[in-house]
Amino acid sequence: MLLLLTCLCWATPSLAVERVRVMALFADKAMLQIDGKQRLLKAGQRSPEGVLLVSADARGAVIEVNGKRDKYALGSQVGGHFAKRKVVEVQIWADSRGAYRTTGSINGRMVDMLVDTGATSIAMSEVEAKRLGIAYRVNGDKTAVRTASGIARAYAVKLDQVRVGELVLHQVNAVVVEGSSPHQVLLGMSFLSRVKMEHKGNLMVLQSKF
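Below, the structure is given as structure tokens:
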């Protein structure tokens, strides 16, 4: 659950809802503060004030207020009317070998990353996972992955937060591979599929979807 993520405000007639704040987001539920009153709504449920929660997940919610329906991502700030969240863009240039490398963070700790569209999820060695404080043996599920050296034992985990530049995603799937490989965190499709990705020559552009 993510607290104090979104604030929606608009000028309306005296009988209309004047202020809604998204206090927490869950799968198909949201905690809203509507004109000072907290309401826990399920998807499809309308509050006594007339606010309809159409849908919700950890990344945002579709809300209908005063007859206006739109989708709002985490961190949206609105004044006077509903407003779209600005598009966040990250540019990554290819190195001399044609690889796309960048610096980001996982759960608030800095990491060097290699963009790998062939990896189904973010992947890292257990050495890197220990450095990042990821309790993969406690919270992860045992699995196996195919590497250049063959099949390796691994743990499937979910990362609380992954940041690349100003792009921030929550609850991102990842695997922790036993041993010291890969030597660099692989930024795989569990992150890349949730953003817009475009190649412009030697430049890779990642953009937020909403």
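Using mature numbering (1 follows the signal peptide of the UniProt record, and there is no 0), the letters of the sequence shown map in sequence onto residues -16 to -1, 1 to 194. Ideal Cβ positions, reconstructed from N, Cα and C, are used throughout, including at glycine. Only a predicted model underlies this, so the values are computations on that prediction, with no experimental measurement involved.
Secondary structure at residue i, three-state DSSP: helix, strand or coil?
i: L176; result: helix
i: R53; result: strand
i: V122; result: helix
i: Q168; result: coil
i: H65; result: Residue confidence is low: H65 scores 47 on pLDDT, short of 50, so the model does not pin down where it sits. Its coordinate-derived value is still stated next. Looking at H65 - three-state DSSP - the assignment turns out to be coil, as it is neither helix nor strand.
i: S80; result: coil
i: V189; result: strand
i: G163; result: coil
i: S109; result: strand
i: E33; result: coil
What do you reckon, are the CB atoms on residue i and residue j nearer than 8 Å?
i: A119; j: V160; result: no
i: L171; j: M108; result: no
i: K13; j: K26; result: yes
i: L187; j: V148; result: no
i: I76; j: L143; result: no
i: D54; j: A11; result: no
i: A103; j: M173; result: yes
i: V72; j: S177; result: no
i: I106; j: V146; result: yes
i: A19; j: R3; result: In the sequence under discussion, the amino acid at residue 19 is Asp, which differs from the Ala named in the question. For D19 and R3, yes; Cβs fall inside 8 Å.
i: V179; j: L151; result: yes
i: S164; j: T131; result: no
Here's a check: name, in chain order, each residue in its chain whose Cβ is nearer than 7 Å to the Cβ of residue i, leaving out the five neighbours to either side.
i: D79; result: R85
i: A138; result: T127, A128, V129, V159, V160, V161, E162
i: D125; result: Y139, A140
i: E182; result: V189
i: M94; result: T87
i: M175; result: In the sequence as displayed, the identity of residue 175 is Phe instead of Met. Once the five neighbours on either side are set aside, the close Cβ partners of F175 are I106, V146, L153, V156.
By DSSP's criteria, residue i is part of a beta bridge. Which residues make up the other side?
i: K114; result: DSSP lists no partner for K114.
i: G92; result: Partner(s): none; G92 has no beta bridge.
i: V141; result: A158
i: G134; result: T131
i: K21; result: I18
i: M97; result: T86, V169
i: A40; result: A45
i: V152; result: R147
i: V74; result: L190
Which same chain residues, not among the five before or five after residue i, have their C-beta less than 6 Å away from its C-beta?
i: L36; result: R30, E48
i: A(-1); result: N50
i: R23; result: L16, S31
With a threshold of 7 Å (Cβ to nearest heavy atom), would residue i be considered close to the ligand FMN?
i: E110; result: The ligand content of the structure shown is nil, which means the ligand FMN is not present either.
Less than 8 Å between CB atoms is the rule here; does residue i satisfy it with respect to chain C?
i: R53; result: Absent here is chain C; the protein component of the structure consists of one chain.
Excluding five sequence neighbours on each side, which residues of the same chain lie with their C-beta closer than 8 Å to the C-beta of residue i?
i: V38; result: A27, G28, A45, V46, I47, E48, R53
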